[in-house]
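First residue of the sequence shown: 84, per this note's numbering; consecutive thereafter.
Glycine residues also receive a C-beta, built at the ideal position from the N, C-alpha and C atoms.
So the structure is just underneath, and the comments pick up after that.
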Amino acid sequence: MAQVGFLDNLLREYLVFRGFSSTLKALDVEQRTEKDQHFRAERILEQFNIAVQTSDLQGLRSLWFHLDNNMFSKLEHTYAVAVKKLENSLLKYYLVTAYSSNRSEKVSEFFNKLAGDLQQQSEWKDWFYFPFCKNAEESPAFALFFTKQWQDTLLLSLRNFLTTVYQCLPQPTFVRAEQEAAHMQRLSEDNAGLRTRVLNLQQELHQVTQHQSGSVAAGASGSSLGGGTDNGARRRSVYRQQQSLSDILPFDISPPGHIVDDFCIIASEANSVSQASDAQARSLKQLIRNIGSGSSPVMGRKEQTASSLGEKSSKRRSGSVGRSWI
84 MAQVGFLDNL LREYLVFRGF SSTLKALDVE QRTEKDQHFR AERILEQFNI AVQTSDLQGL
144 RSLWFHLDNN MFSKLEHTYA VAVKKLENSL LKYYLVTAYS SNRSEKVSEF FNKLAGDLQQ
204 QSEWKDWFYF PFCKNAEESP AFALFFTKQW QDTLLLSLRN FLTTVYQCLP QPTFVRAEQE
264 AAHMQRLSED NAGLRTRVLN LQQELHQVTQ HQSGSVAAGA SGSSLGGGTD NGARRRSVYR
324 QQQSLSDILP FDISPPGHIV DDFCIIASEA NSVSQASDAQ ARSLKQLIRN IGSGSSPVMG
384 RKEQTASSLG EKSSKRRSGS VGRSWI
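Here it is in structure tokens:
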């Protein structure tokens, strides 16, 4: 990690400011003996082993709780059984080491502090007899945990588990401090640029509003002088420019009372054609009937004209004879 050295200097500066001289010395010693600046599971495993060898139950549980809250709790629920099994095995390793070192008071302290939590687990049922067992390394229930093979397997499994989990974890917040600061700086610059754009847009909108208000005022004065048509058109154009799509409301058109389709139109057209053809057929039949019966309207008019002319001529002849006779 490139920022580890920078953060080490910040940490050293903070320790000097707070006056933590012993912590500063320990930090300097560990930095000198450190071979690389990368995380190694052996370091955490070494801390567990030191807590077990010195019978530091508080340090052992504090370190485990820290890892559980910050690392193991972020795993999938399928790994919960493996995590719990490693924790119980580490506590059993602590008891076996304390018993082998003739620290019976540490064994009693262990059960006094953790009896309430362990009695709920079935695998710890036989271990409550452990403080009173003589030659526990020869007991069938505890002999396996005194063997070097079991202890080495436990430490190897814990190391592999920590290495695998660390590869999937994000960097600590303290390590990401420089990256977060750079990210916040970029966000501040982006906000400043956006704020400037907003101010520019507000100024442009203000200028456009002033220009439109001036155009409206000029149109009103022009209409009072007689240019009503042009000024009205100008006002309508100005109003049309101010109008946006959100201001346009759709027409409230009520739906038709019935549905009319092409088939209905074709049917109505067919009915009108049939009616016209029927009327024409009836008129033709009437004409043919009149011709056949001799009562044609044309011939009738000719006969009526001839008869009227005959009557007139007869009356004229009769009258002329009488007058000439007299």
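Discussion item. My assumption, with CB atoms under 8 angstroms, is that leucine 143 sits in contact with valine 248. Please give the rounded CB distance.
Written reply: Within the sequence shown, residue 143 is the residue found at index 60, counting from 1. Within the sequence shown, residue 248 is the residue found at index 165, counting from 1. That belief does not hold up - the Cβ atoms of leucine 143 and valine 248 are roughly 18 angstroms apart, past 8 angstroms.
Worksheet item: For the alpha helix (DSSP H) that contains lysine 246, what are its first and last residues?
Response: For the purposes of this step, residue 246 is taken as residue 163 along the sequence shown, with counting starting at 1. The sequence given here places threonine at residue 246; lysine does not occur at that position. Threonine 246 -> alpha helix (DSSP H) spans 231 to 250.
Worksheet item: Within this structure, are the beta carbons of leucine 178 and valine 166 separated by less than 8 angstroms?
Response: Taking the sequence shown and counting its residues from 1, the one referred to as residue 178 is at position 95. Taking the sequence shown and counting its residues from 1, the one referred to as residue 166 is at position 83. Here leucine 178 is not near valine 166, since their CB atoms are 8 angstroms or more apart.
Worksheet item: So, is glutamine 291 buried or exposed, given that buried needs 16 or more other C-beta atoms within 10 angstroms?
Response: For this step, residue 291 is matched to residue 208 along the sequence shown. Looking at the sequence provided, one finds valine at residue 291 rather than glutamine. When all chains shown are included, valine 291 counts as exposed.
Worksheet item: Does DSSP put glutamate 272 in a helix, in a strand, or in coil?
Response: For this step, residue 272 is matched to residue 189 along the sequence shown. The three-state reading of DSSP puts glutamate 272 in helix, counting H, G and I together.
Worksheet entry | Distance CB(leucine 128)-CB(leucine 245) smaller than 8 angstroms | As a first step, residue 128 is located in the sequence shown; it is residue number 45 there, counting from the start. As a first step, residue 245 is located in the sequence shown; it is residue number 162 there, counting from the start. Yes, the Cβ-Cβ distance between leucine 128 and leucine 245 is below 8 angstroms.
Fill in: Close beta carbons around cysteine 347, own chain, < 6 angstroms, minus the five adjacent residues each side
Here residue 347 refers to the residue found at position 264 when the sequence shown is read from its first residue. Confidence is the limiting factor: at cysteine 347 the pLDDT is only 48, short of 50, which leaves the residue's position unreliable and the question unanswerable from this model.
Discussion item. So serine 138 and arginine 186 are supposed to be a Cβ contact under 8 angstroms. How far apart are they, rounded?
Written reply: For the purposes of this step, residue 138 is taken as the residue at position 55 of the sequence shown. For the purposes of this step, residue 186 is taken as the residue at position 103 of the sequence shown. Serine 138 to arginine 186, Cβ: 5 angstroms. Contact.
Item to complete: Confirm, please, whether the CB-CB distance from threonine 180 to glutamine 136 is below 8 angstroms.
Response: Taking the sequence shown and counting its residues from 1, one reaches residue 136 at position 53. Taking the sequence shown and counting its residues from 1, one reaches residue 180 at position 97. Yes, these two residues count as a Cβ contact at 8 angstroms.
Worksheet item: Where do the ends of the alpha helix (DSSP H) carrying arginine 115 lie?
Response: The residue labelled residue 115 in the question sits at position 32 within the sequence shown. Unbroken alpha helix (DSSP H) run through arginine 115: 104 to 116.
Fill in: Where threonine 161 falls: helix, strand or coil (DSSP)
Your numbering for residue 161 matches position 78 in the sequence shown. Threonine 161 falls in the helix class under three-state DSSP.
Discussion item. Using only the alpha-carbon positions, how far apart do arginine 242 and alanine 124 sit?
Written reply: Sequence index remark: in the sequence shown, residue 242 carries index 159 (1-based). Sequence index remark: in the sequence shown, residue 124 carries index 41 (1-based). Each residue's Cα considered, the two are about 6 angstroms apart.
Worksheet item: Taking just the CA atoms, how far does aspartate 151 sit from glutamine 250?
Response: Here residue 250 refers to the residue found at position 167 of the sequence shown. Here residue 151 refers to the residue found at position 68 of the sequence shown. When rounded, the distance between both Cα atoms is 16 angstroms.
Discussion item. Could you compute how far the alpha carbon of glutamine 285 sits from the alpha carbon of alanine 264?
Written reply: For the purposes of this step, residue 285 is taken as the residue at position 202 of the sequence shown. For the purposes of this step, residue 264 is taken as the residue at position 181 of the sequence shown. If you draw a straight line from the Cα of glutamine 285 to the Cα of alanine 264, it comes to about 32 angstroms.
Worksheet item: Which residue from Glu170, Glu220, Leu140, Asn92 puts its Cα closest to that of phenylalanine 193?
Response: By one-based count along the sequence shown, residue 193 stands at place 110. If we check each option's Cα against that of phenylalanine 193, Leu140 comes out closest.
Item to complete: Taking 8 angstroms as the cut-off, decide whether the C-beta atoms of tryptophan 147 and glutamate 170 are in contact.
Response: The sequence position of residue 147 within the sequence shown is 64, counting from 1. The sequence position of residue 170 within the sequence shown is 87, counting from 1. It is a contact, given that the beta carbons lie within the stated cut-off.
Worksheet item: With C-beta atoms as the reference, is aspartate 200 less than 8 angstroms away from alanine 224?
Response: Here residue 200 refers to the residue found at position 117 when the sequence shown is read from its first residue. Here residue 224 refers to the residue found at position 141 when the sequence shown is read from its first residue. No, these two residues do not count as a Cβ contact at 8 angstroms.
Worksheet item: In three-state terms, what does DSSP make of leucine 143?
Response: Within the sequence shown, the letter at position 60 stands for residue 143. In this structure, DSSP gives leucine 143 a helical state, which the three-state scheme calls helix.
Worksheet item: If phenylalanine 213 and alanine 219 are in contact, beta carbons under 8 angstroms, what's the gap, nearest whole angstrom?
Response: In the sequence shown, residue 213 corresponds to position 130, counting from 1. In the sequence shown, residue 219 corresponds to position 136, counting from 1. With a Cβ gap of about 6 angstroms, phenylalanine 213 and alanine 219 count as contacting.
Worksheet item: In three-state terms, what does DSSP make of serine 184?
Response: For the purposes of this step, residue 184 is identified with residue 101 of the sequence shown, where counting begins at 1. In this structure, serine 184 counts as coil in the three-state DSSP scheme.
Worksheet entry | Where methionine 154 sits in the DSSP three-state scheme | Position 71 of the sequence shown holds residue 154. DSSP places methionine 154 in the coil class of the three-state scheme, outside both helix and strand.
Discussion item. Spatial neighbours of isoleucine 107 within its chain, please: C-beta separation below 6 angstroms, excluding the five flanking residues on both sides.
Written reply: As a first step, residue 107 is located in the sequence shown; it is residue number 24 there, counting from the start. Sequence inspection shows leucine at residue 107; the isoleucine mentioned does not correspond to that position. So the qualifying residues of the chain are Leu98.
Discussion item. Once DSSP output is grouped into helix, strand and coil, what is the label at alanine 198?
Written reply: By one-based count along the sequence shown, residue 198 stands at place 115. Reduced to three states, the DSSP call for alanine 198 is helix.
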